[in-house]
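*Asks:* Going line by line, the protein sequences match chains A and B. Be aware that the first sequence starts at 552, since it is given in the numbering used here, and climbs by one per residue. Be aware that the second sequence starts at 4, since it is given in the numbering used here, and climbs by one per residue. Glycine residues also receive a C-beta, built at the ideal position from the N, C-alpha and C atoms. Let me begin by handing over the structure; questions about it come next.
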Amino acid sequence: MHIAQQILFIICAVIAVYFFAKKVKEMRRNVLLGRDEDLSDNKDQRWRNMVLLALGQKKMFKKPIPALLHLVVYAGFIIINIEMLEIFIDGVTGAHRIFAPVLGGLYSFLIGFFEVLAALVLLGCVVFLIRRNVLKVGRLNMPELNGWPRNDANLILITEVVLMSLFLIMNAADLSLQQLGAEHYTATEPFWVSSHLTGMFSGMSAATLVGIERTSWWLHILGIFLFLNYLPYSKHLHVILAFPNAFYAKLVPQGEARNMKEIQNEVLYMMEPDKAPAATADATPPRFGAKDIMDLSWKNLLDAYSCTECGRCTSSCPANLTGKKLSPRKIMMDTRDRMEEVGRNINENGEFKDDGKSLLHGYISVEELRACTTCQACVEACPVSIDPLDIIMQLRRNLIMEESNAPGEWNLMFGNVENNMAPWKFSPDDRDAWING
Amino acid sequence: MAEYAANGEMPEVLFWVGCAGSFDQRAQRITRAFTQILDKVGVKFAILGKEEMCTGDPARRAGNEFLFQMMAYNNINTLNAYGIKKVVTICPHCFNVFKNEYPRLGGNYEVMHHTTFLQQLINEGKVVLKDGGAFKGKKITYHDSCYLGRGNGIYEAPREVLQAFDTELVEMKRCRSNGMCCGAGGAQMFKEEEQGTTRINFDRAEQALETGATIIAANCPFCTTMLTDGVKNKEKEDSVKVLDIAEMVAMSL
């Protein structure tokens with residue numbers, strides 16, 4: 552019996568880890584479809600950002616109530632995972648609570664502590680579910696979340712509630728078995744939370760209790776294996792990617808736009824032709840700005856995978872707040888959707904086969920891009936250092952420089968800047984006329 | 004600047020007026036207010052005059068990188084030819100380009116936004132506001148421009164200038180790093196807004212009016228225009244004024 556369980560456990564673990572690793576490799580490949588960008592500078596600052604922003608969740612605390620709830624769920628998630636070590640060893644070796652005899656009283660304390668966290672996580676997730684589905688918090692109920700994103704969010708929360716419940720039920724059944732003096736169930740001191748739940752098992756036979764305990768144990772661990780493999784398809788991926796994303800966050804002031812070296816050189820060679828290198832016939836002109844995900848930087852694509860669709864960006868976006876189509880969150884969701892579409896295309900064809908689609912137009916419309924004021928509120932708001940503005944700007948560049956797609960007023964402004972050196976049609980000779988005013 | 008150069012002299016600082024400050028009638032008043040302060044304090048400053056060109060900011064934000072690079076090339080050549088070291092500007096967009104974007108293109112200058120410049124003059128005791136300033140007892144609210152605030156993290160210098168006035172400074176709900184845009188940035192100033200339920204400047208002006216302030220202090224010529232229009236939309240232009248911090252200081256000398 553035990554041997555069968557052990558073998559089954561090992562098989563499940565291997566399958567879970569194999570498929571997760573395979574998916575991670577695929578995601579890495581997808582991110583690297585983006586343009587190269589060297590972000591290996593200034594490591595000290597980058598580590599600091601990771602500790603403060605990802606581990607310390609500094610930006611979350613701009614909204615204290617969700618931040619506190621999130622901290623509980625997050626701390627619970629991380630700390631309770633220490634218990635996973637024991638579950639894993641038990642699963643492989645067929646032992647039961649292998650650390651209990653070794654740690655003695657400390658063991659009961661630790662499990663009790665995990666149980667308190669589990670109860671808090673459970674509570675936190677219930678409140679999150681209420682915020683989403685009953686209170687209908689604005690930023691969590693926008694049209695771009697219709698369909699899968701909304702189900703994804705609820706599924707994550709329900710899964711956590713179920714996993715935590717299983718953990719507590721398993722412990723309560725264990726305690727009941729201990730009271731019955733069942734063989735194999737090492738006596739511990741009563742755990743803080745589950746000791747209050749044993750009442751529901753009173754009068755049950757040892758066999759039934761073992762059944763409950765084992766079922767909970769198995770459902771809990773299988774749930775975790777499934778959840779691990781669900782992550783890559785979910786917005787919940789941020790639990791992992793928040794860390795590298797904060798590490799690779801933009802370090803220059805938010806106001807600084809990405810420079811286009813190729814155009815800087817173009818202008819230089821035009822103005823000072825002697826500096827131009829000899830023309831090479833095979834040089835393919837680069838694409839100006841971004842039309843599709845391959846034209847974006849790999850960091851933009853990592854951003855897209857890191858987004859957990861919390862909507863802090865959109866709820867601070869002046870364009871969105873005044874009813875325009877633009878939503879920075881949707882920009883990130885679109886980028887991820889398109890990247891995954893390209894990924895599937897590569898999986899099927901071995902390499903990317905033109906599908907006649909692109910991020911620009913296919914996912915993100917001109918109207919959305921035109922509404923941006925480049926105010927950086929979205930960049931500032933993001934707790935995990937995502938920069939939607941950088942993507943918006945690159946798509947805008949493609950619109951202007953490759954499609955010559957600009958509203959008439961902008962074309963006039965461009966003409967004025969070029970000819971009158973000011974965005975309005977004034978004579979450059981009058982530039983200092985204000986002196987006489 | 005050409006005159007200074009002809010005499011073989013260097014000004015203490017080059018005042019970069021910017022397109023709005025040069026041509027826009029409302030913004031010209033900010034320009035004149037700022038130069039009035041500089042004159043009063045005796046700061047030796049120069050302007051490029053007819054040699055100044057748009058920094059290229061609106062072109063870059065709209066997506067026209069080529070035009071931006073052209074303007075940058077020309078401006079940097081002019082400034083470097085004069086050997087300019089220090090620049091002050093009344094426009095946060097120009098400020099941002101000078102501080103963050105020209106250095107990568109070979110234009111390295113010490114650049115200051117005029118509110119920081121004014122804060123220093125006040126701290127050094129060179130600017131003293133007469134009788135606590137011209138706005139005694141009034142309520143003031145301050146609008147953070149995106150490119151001074153979030154873009155470059157300057158939130159305190161303008162507030163310190165305002166604290167020198169004998170007035171009450173009240174904050175809007177959205178202020179500092181959470182401040183809301185006036186709606187002009189990203190080259191929106193030069194086009195009609197996309198379709199929505201309201202205009203951004205209407206929304207922002209309402210937030211400012213909610214504070215009960217009678218003066219809305221700004222640090223950007225574009226914000227000043229946008230907020231003034233927003234106040235007009237609420238028909239409050241008789242009781243509430245939108246002023247640049249330089250104008251407020253100039254009125255209090």
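Taking all protein chains shown into account, do 16 or more other C-beta atoms lie within 10 angstroms of the C-beta of B:Val131, making it buried, or fewer, making it exposed?
*Replies:* Looking at its Cβ environment, which holds fewer than 16 other Cβ atoms inside 10 Å, B:Val131 is exposed.
*Asks:* Would the region 868-886 of chain A and the region 926-942 of chain A be scored as touching if the rule is three or more Cβ pairs under 8 Å?
*Replies:* Yes: the two stretches touch, three or more of their Cβ pairs being nearer than 8 Å.
*Asks:* Just the C-alpha distance for A:Lys976 and A:Asn967, rounded to the nearest angstrom, thanks.
*Replies:* Near 6 Å, if we compare the C-alpha coordinates of A:Asn967 and A:Lys976.
*Asks:* Quick one: what does DSSP say B:Ser148 is sitting in, helix, strand or coil?
*Replies:* Note: B:Ser148 maps to coil in three-state DSSP.
*Asks:* In whole angstroms, what is the alpha-carbon distance linking A:Gly627 and A:Glu919?
*Replies:* Distance between the alpha carbons of A:Gly627 and A:Glu919: 39 Å.
*Asks:* Ordered along the chain, which non-local residues of its own chain (more than five positions away) have a Cβ less than 6 Å from that of B:Phe48?
*Replies:* Only Pro14, Val16, Phe18, Leu41 meet the Cβ criterion.
*Asks:* Can you say whether A:Pro939 is buried or exposed, counting buried as having 16 or more other CB atoms within 10 angstroms of its CB?
*Replies:* A:Pro939 should be labelled buried.
*Asks:* Which residues does DSSP list as the beta-bridge partners of B:Ile248?
*Replies:* DSSP, once it has assigned bridges, lists no residue as partnering B:Ile248.
*Asks:* Spatial neighbours of B:Tyr105 within its chain, please: C-beta separation below 7 Å, excluding the five flanking residues on both sides.
*Replies:* If we look at B:Tyr105 and ignore the five residues flanking it on each side, its Cβ neighbours are Ala75, Ile79.
*Asks:* At what residues does the alpha helix (DSSP H) containing A:Ala555 begin and finish?
*Replies:* Segment 553-582, the alpha helix (DSSP H) holding A:Ala555.
*Asks:* Would you list the one or two residues that DSSP bridges to B:Ile143?
*Replies:* DSSP output for B:Ile143 lists B:Leu172, B:Ile218 as bridge partner(s).
*Asks:* Does any CB atom of chain B fall closer than 7 Å to the CB of A:Val917?
*Replies:* Not one chain B Cβ lies under 7 Å of A:Val917.
*Asks:* Does the Cβ of A:Trp598 have 16 or more other Cβ atoms within 10 Å, making it buried, or fewer, making it exposed?
*Replies:* Its Cβ having fewer than 16 others within 10 Å, A:Trp598 is exposed.
*Asks:* Quick one: does A:Leu590 have its CB under 7 Å from some CB of chain B?
*Replies:* So, not an interface residue.
*Asks:* Nearest to A:Asp595 by alpha carbon, out of A:Gln927, A:Leu802, A:Cys926?
*Replies:* That would be A:Leu802, whose Cα lies nearest to the Cα of A:Asp595.
*Asks:* Taking 7 Å as the CB-CB limit, is A:Cys864 close to chain B?
*Replies:* Cβ-Cβ to chain B under 7 Å: no for A:Cys864.
*Asks:* Which residues does DSSP list as the beta-bridge partners of B:Phe18?
*Replies:* B:Val91, per the DSSP bridge assignment.
*Asks:* Is the beta carbon of B:Phe69 less than 7 Å from the beta carbon of B:Gly59?
*Replies:* Result no, Cβ atoms of B:Phe69 and B:Gly59 do not sit closer than 7 Å.
*Asks:* For the region 782-811 of chain A, list every residue whose C-beta sits within 7 Å of some C-beta in chain B, in sequence order.
*Replies:* From the region 782-811 of chain A, only Val803, Pro804, Gln805, Gly806, Glu807, Ala808, Asn810, Met811 have a Cβ closer than 7 Å to chain B.
*Asks:* Spell out a yes or no on whether the region 677-692 of chain A and the region 766-780 of chain A are touching, meaning 3 or more CB-CB pairs, one atom from each, closer than 8 Å.
*Replies:* These segments do not touch.
*Asks:* In the DSSP output, which residue or residues are listed as bridge partners for B:Met115?
*Replies:* Its beta-bridge partners are B:Val91.
*Asks:* Quick test of your reading: B:Met73 and A:Val818, contact by CB under 8 Å. State the CB separation rounded to the nearest angstrom.
*Replies:* Yes, B:Met73 and A:Val818 are in contact; Cβ-Cβ is about 6 Å, under 8 Å.
*Asks:* Buried or exposed for A:Leu606, going by 16 or more other Cβ atoms inside 10 Å?
*Replies:* A:Leu606 comes out exposed.
*Asks:* Considering only C-alpha positions, which residue in the set A:Ala855, A:Lys826, A:His912 is nearest to A:Ala793?
*Replies:* A:Ala793 has its Cα closest to that of A:Ala855, out of A:Ala855, A:Lys826, A:His912.
*Asks:* Taking just the CA atoms, how far does B:Lys102 sit from B:Ala221?
*Replies:* Computed Cα separation, rounded: 20 Å.
*Asks:* Shorter than 7 Å from the beta carbon of B:Pro61 to some beta carbon of chain A?
*Replies:* Yes, contact with chain A.
*Asks:* Output needed for A:Gln608: all residues of its chain with C-beta closer than 8 Å, excluding positions within five of it in sequence on either side, in chain order.
*Replies:* Around A:Gln608: Ala618, His621, Leu622, Tyr625, Pro934.
*Asks:* Do you know offhand how far B:Gln28's Cα is from B:Ile248's?
*Replies:* Approximately 17 Å between the Cα atoms of the pair.
*Asks:* Measure the Cβ-Cβ separation of A:Ser785 and A:Asp703 and say whether it is below 7 Å.
*Replies:* Yes, the pair counts as a contact, with Cβ atoms nearer than the cut-off.
*Asks:* Any beta-carbon of chain B closer than 7 Å to the one on A:Val818?
*Replies:* Yes, its Cβ sits closer than 7 Å to a Cβ of chain B.
*Asks:* For A:Arg586, which three-state DSSP category applies?
*Replies:* Strand at A:Arg586.
*Asks:* Can you list, in chain order, the residues of its chain whose CB lies under 8 Å from that of B:Thr231, leaving out five sequence neighbours each side?
*Replies:* Arg29, Glu240, Val245, listed in sequence order.
*Asks:* I need the DSSP call for B:Phe48, collapsed to helix, strand or coil.
*Replies:* Note: B:Phe48 maps to strand in three-state DSSP.
*Asks:* Here's a check: name, in chain order, each residue in its chain whose Cβ is nearer than 7 Å to the Cβ of A:Ala567, leaving out the five neighbours to either side.
*Replies:* Here the set comprises Phe776, Leu779, Asn780.
*Asks:* Can you tell me the Cα-Cα spacing of A:Tyr820 and B:Asp206, whole angstroms?
*Replies:* Those two C-alpha atoms are separated by around 46 Å.
*Asks:* Measure the CB-CB distance between B:Ala65 and B:Thr119 and report whether it falls below 7 Å.
*Replies:* No; because the gap between Cβ atoms is not below 7 Å, this pair is not in contact.
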